[in-house]
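Read the sequence shown against the working numbering and you will find it ends at 183, with the numbers running on by one and no gaps. For every residue, glycine included, the Cβ atom is placed at its ideal position computed from N, Cα and C. Quick caveat, the model's predicted, so the values are computed rather than measured. Below is one structure, written out as structure tokens, with a few remarks after it.
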Amino acid sequence: MGDLVAFGRYEQDNNVSNGAEPIVWEILEIRDNDILVISQSAIDCQRYHAKYVTVTWQTSSIRQWLNGTFFNAAFSLEEQEQILTTDMKAAPNPWYDTEPGMDTQDRIFLLSIQEVKQYFPSDSRRMCAATPYAVSQGAYVNPATGCSWWWLRTPGCSSKDAASVNSDGTIDYDDAAVNTPPGTIRPVMWIRMG
-10 MGDLVAFGRY
0 EQDNNVSNGA
10 EPIVWEILEI
20 RDNDILVISQ
30 SAIDCQRYHA
40 KYVTVTWQTS
50 SIRQWLNGTF
60 FNAAFSLEEQ
70 EQILTTDMKA
80 APNPWYDTEP
90 GMDTQDRIFL
100 LSIQEVKQYF
110 PSDSRRMCAA
120 TPYAVSQGAY
130 VNPATGCSWW
140 WLRTPGCSSK
150 DAASVNSDGT
160 IDYDDAAVNT
170 PPGTIRPVMW
180 IRMG
């Protein structure tokens, strides 16, 4: 879709004295009064999971962070009521037979490999810059592209790895260890607008 909407607030310019900034979201899909959105920028830097262990999206610390810490920090109570609970199918890796875990129900989530290919069909559309705040938290920035790499919820080549989108927009199907620190986050959610 490509249209933009502001919803919620989160620290982005790395200047806490001026308060949190409005989050700008790109609209991926519209269903009646509901819109599927992804943050336009990579808004934080988090590990997929705190430790290098076998993990799935269902058991990951990034899922807990998105639906707990981030959800409560970024959205008012009124906004939280507009964010829908989504039935998330476990997302298998099309290249590897890695265990994807169980289906989940989430307010905030990450795209899967299949979804990122659907909504961002070209490498250039997948490229994403991190906010100054995310960079201050350790986000990797590619000097050639000015962009950062961001996590997907799909497992990688093993259950200790997760898929991601590289800083040049290509999809990394296999080898980002779940506890790699400089990966960034592009939250995704369904919002009821009506």
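For my contact list, VAL154 and TRP138 are in at a C-beta cut-off of 8 Å; report their separation, rounded to the angstrom. 6 Å
Among TYR129, ALA9 and VAL124, which one has its Cα closest to the Cα of ALA62? ALA9
I need the straight-line Cα distance from GLY(-3) to ILE16, nearest angstrom please. 15 Å
What's the call for PRO83, buried or exposed, on a 16-neighbour Cβ count within 10 Å? exposed
Measure how close the beta-carbons of GLN47 and ASP76 come, nearest whole angstrom, since I'm counting them as under 8 Å. So it is not a contact: roughly 13 Å between Cβ atoms.
So, under 8 Å CB-CB, LEU73 and ARG181 are touching, yes? Tell me the CB distance rounded to an integer number of Å. 6 Å
Once the 5 residues before and after LYS106 are set aside, which same chain residues still bring their CB inside 8 Å of it? ILE160
Name the DSSP bridge partner or partners of CYS34? THR173
Three-state secondary structure (DSSP) at TYR122? helix
In terms of alpha-carbon separation, which member of SER113, ASP163 and ILE19 lies closest to TRP140? ASP163
PHE60 in three-state terms, based on DSSP: helix
Looking at the secondary structure, which residues open and close the beta strand (DSSP E) in which VAL26 lies? 23 to 28
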